[in-house]
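The structure appears right after this line, and notes come after that.
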Amino acid sequence: MKAEQQSIARVMLQWLAVAAGLLMLGGAGCQSTGPTVISNELPFDQAVAQATDGLVAQTQKLPAFLATVEAKVASKVNRKAVLIDPMIDAASGQQTGVTRLIEQRVTARLAQHPQMELLPFQGPNLGRAQYLLIGTTVRSAGTGARRPFQINLALVDLAARTVLAQASAVARDDGLDTSPTAYYQDSPVLLKDAVVEGYIRTAQTPPGQAADGVYIERLAASALVNDGNNAYNGSRYQDALGLYRNALSTPAGEQLRALNGVYLASWKLGRTAEAEQAFGRIVAFGLQQHNLGVKFLFNPGSTEFWSDPKVSGPYPIWLRQIARQAAAAKVCMNVVGHTSHTGSEQVNDRLSQARAMAIKQKLEADASELGPRTRASGVGWRENIIGTGTDDVTDALDRRVEFKIVPCGASA
Numbered sequence: 082m083k084a085e086q087q088s089i090a091r092v093m094l095q096w097l098a099v100a101a102g103l104l105m106l107g108g109a110g111c112q113s114t115g116p117t118v119i120s121n122e123l124p125f126d127q128a129v130a131q132a133t134d135g136l137v138a139q140t141q142k143l144p145a146f147l148a149t150v151e152a153k154v155a156s157k158v159n160r161k162a163v164l165i166d167p168m169i170d171a172a173s174g175q176q177t178g179v180t181r182l183i184e185q186r187v188t189a190r191l192a193q194h195p196q197m198e199l200l201p202f203q204g205p206n207l208g209r210a211q212y213l214l215i216g217t218t219v220r221s222a223g224t225g226a227r228r229p230f231q232i233n234l235a236l237v238d239l240a241a242r243t244v245l246a247q248a249s250a251v252a253r254d255d256g257l258d259t260s261p262t263a264y265y266q267d268s269p270v271l272l273k274d275a276v277v278e279g280y281i282r283t284a285q286t287p288p289g290q291a292a293d294g295v296y297i298e299r300l301a302a303s304a305l306v307n308d309g310n311n312a313y314n315g316s317r318y319q320d321a322l323g324l325y326r327n328a329l330s331t332p333a334g335e336q337l338r339a340l341n342g343v344y345l346a347s348w349k350l351g352r353t354a355e356a357e358q359a360f361g362r363i364v365a366f367g368l369q370q371h372n373l374g375v376k377f378l379f380n381p382g383s384t385e386f387w388s389d390p391k392v393s394g395p396y397p398i399w400l401r402q403i404a405r406q407a408a409a410a411k412v413c414m415n416v417v418g419h420t421s422h423t424g425s426e427q428v429n430d431r432l433s434q435a436r437a438m439a440i441k442q443k444l445e446a447d448a449s450e451l452g453p454r455t456r457a458s459g460v461g462w463r464e465n466i467i468g469t470g471t472d473d474v475t476d477a478l479d480r481r482v483e484f485k486i487v488p489c490g491a492s493a
């Protein structure tokens, strides 16, 4: 009788161990809780910690009295593999110093939970992972370089394609590094296609709701792009080029980030003809999406391009490809100038208009038929993406020129 009782006890303990593992992560797919929302402004480290803890708390469905049992048997439970897709800035789609820091802090905190096995965002890990962790930052409304960030974290069930848990917290910006990584800093265009937009939406999706399908369906290609970005950031341009090309060759691999990577790596390797061809594909992609934002930098207060050839050297290639692709597609478009948030509004309106007109005239020099099909306008700083007014690499996207496809009657 005693042996039978011991056997039953062992079975019950094993069952509780399995139940603990399932409920900690997988069981949450059957039911959802509300997101964790921390709206009061906190020091950065505290905000990251509370958002992370809120995310984990939503996965814990066991009654409190089982916590001790779970702790004793955790080593016997199959660990849940969590893939971490690098976190990004929601306004720009870029990886920055602060998004990487958040990712490091979140990863370190989650590593304290033995039921989670954290995996880097690499192709071979896609087959192993059961869950996906993503995150974004977004500045609060307004202007200025030190506006607080909202941190959004989401845990996605890959099999069910649903958000398992979501948490947000507001962090002070006490001198955080918002500089883009090398790949994004060197990028000639705004990198927000449907895949990036899907990532951003999913990071803000409440628990129990579906993750963005476009984003989830392209994870394999995105992992190759991430490997390429890591190689590019490490100055391994030949390796990066191969990885970006591999991404483009996969199903659903036609992503703006992959096309951009081929351009950047080719340019760094001195392969000018290949770089121009790649930029042409970027332009064609943007025109198909009806919007292309290009980072043309000008001398202060001028319509002349930035004097440093390291910056403006590829501009003739960019202009030539924009003109050729737009002419071939027979599109009509508005050329819209933007400025960063410094100086008076009136001055910036005039300057952005003048710069847009300068670009329009350069396009017409390459393809005269674009003359009646393009219109120049300027919006100053009113459509800033970053909005900090620092006039450095961190807000370069605010000094872009956009090419917006419009019905031909609207551009006349």
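The opening position of the sequence shown corresponds to residue 82 in the working numbering, with each subsequent residue numbered one higher.
C-beta: ideal position from N, C-alpha, C; glycine also.
LYS441 is not a Cβ neighbour of LEU400, given a cutoff of 8 Å. Look at GLY294 here: in three-state DSSP terms it is helix.
Per DSSP, the continuous alpha helix (DSSP H) segment holding LYS443 begins and ends at 426-447.
Per DSSP, GLU184 is one residue of the alpha helix (DSSP H) stretching across 178-191.
For THR133, the closest alpha carbon among the candidates GLN203, SER120, LEU234 is that of LEU234.
Cβ contact annotation for VAL129 (same chain, cutoff 8 Å, sequence separation greater than five): ILE183, ARG186, VAL187, ARG190, ILE232, ALA250, ALA252, in chain order. In the three-state reduction of the DSSP assignment, VAL412 falls in the coil class, being assigned neither a helical nor a strand state. Taken through DSSP and simplified to helix, strand or coil, GLY452 comes out as helix.
Around the beta carbon of LYS485, a 10 Å sphere encloses 16 or more other beta carbons of the protein chains shown; the residue is thus reported as buried. Looking at ASP479, ASN465, GLY216, the one whose alpha-carbon comes closest to that of GLN285 is GLY216. DSSP places SER347 in the helix class (H, G or I) of the three-state scheme. Of all alpha-carbon atoms in ALA241, ASN465, VAL163, PHE386, the one lying nearest the alpha-carbon of GLN196 is that of VAL163.
The alpha-carbon of PHE230 is positioned some 11 Å away from that of ASN121.
For MET197, DSSP records a beta bridge to LYS161. At a Cβ-Cβ threshold of 8 Å, VAL416 and VAL482 count as neighbours.
Partner residues in the beta bridge of ALA457, as assigned by DSSP, are VAL416. CA-to-CA, the gap between VAL277 and VAL219 works out to about 14 Å. Straight across, the Cα-Cα distance linking GLY424 with LEU432 is about 11 Å. In the DSSP annotation of this structure, the continuous segment of the alpha helix (DSSP H) that includes VAL364 starts and ends at 353-369. For the 8 Å CB-CB criterion, PRO395 and TRP348 form a contact.
When DSSP states are grouped into helix, strand and coil, PRO287 belongs to the coil group.
GLU122 sits in a strand when the DSSP states are folded into three classes. In the DSSP assignment, ASN233 falls within the beta strand (DSSP E) that extends over 230-238. According to the DSSP assignment, ASN372 belongs to the beta strand (DSSP E) that extends over 372-375. LEU305 and LEU324 do touch by the CB rule: their CB atoms are close to 5 Å apart, below 8 Å. The beta-carbon separation of LEU207 and LEU300, rounded to 6 Å, stays under the 8 Å limit for a contact.
When the five nearest sequence neighbours on each side are left out, the beta carbons in the same chain lying within less than 8 Å of the beta carbon of ARG242 are those of ALA291, ALA292, GLY294, ILE297, in order along the chain. LEU257: not part of any alpha helix (DSSP H); DSSP gives it neither H nor E.
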